[in-house]
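Contents: one structure, followed by commentary.
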Amino acid sequence: MYQNKHAINMYKKSNLFSLKDKILNANPKELIDIVFDILHSELRKSIFLIKNNQISMKGESISYSISMIESVLIPALHNDENFMLAQNLKSLYIYCIRVLLEANLNNDVKKIKHVNDLLRKVSSAWKLIK
1 MYQNKHAINM YKKSNLFSLK DKILNANPKE LIDIVFDILH SELRKSIFLI
51 KNNQISMKGE SISYSISMIE SVLIPALHND ENFMLAQNLK SLYIYCIRVL
101 LEANLNNDVK KIKHVNDLLR KVSSAWKLIK
């Protein structure tokens, strides 16, 4: 058992260093790519936690997802370049936050999946930008 925990901790640490290296060497577009990847992973984790009745950890996971939307994705919007697109994305992000709050309150997997699907469409479009 100890060996498994040790191996898992080593894996997490190596992934953390790899992510840290990616972030330090990323341009602004790549940073948003990384945030979307982390966000999708965190939303899948929230679903897993609900299904496994780990409610307090689920709350932390959803809160972290909301925080990424509020503190990274919304501020990254550039209103001066394409005002309508930025405003529409901001509205979508605010909608996602509201749905995630409801999902957290009601342990609603469908709502988390819905948000993840919406954000996956945005991130897929974002990845097409050069």
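Using the UniProt record's numbering, the letters of the sequence shown map in sequence onto residues 1 to 130. Think of the CB as a built atom: it goes at the ideal place given N, C-alpha and C, for glycine as much as any other residue.
- Its chain contains Leu49 as the residues whose beta carbon lies nearer than 7 Å to that of Met57, once the 5 sequence neighbours on both sides are disregarded; these appear in chain order.
- Taking the Cα positions, Asp117 is about 18 Å away from Lys51.
- Counting of Cβ neighbours within 10 angstroms places Phe83 among the exposed residues, the total staying below 16.
- One Cα belongs to Gln54, the other to Glu60, and the distance between them is close to 10 Å.
- Bounds of the alpha helix (DSSP H) holding Ser123 are Val109 to Leu128.
- Judged by beta-carbon spacing, Met68 lies beyond the 8 Å limit of Ile94, meaning their Cβ atoms are not closer than that value.
- Looking at the backbone, the Cα of Lys29 and that of Ala103 are separated by about 29 Å.
- The residue from Lys127, Asp108, Ile32 and Asn88 with its alpha-carbon nearest to that of Leu73 is Ile32.
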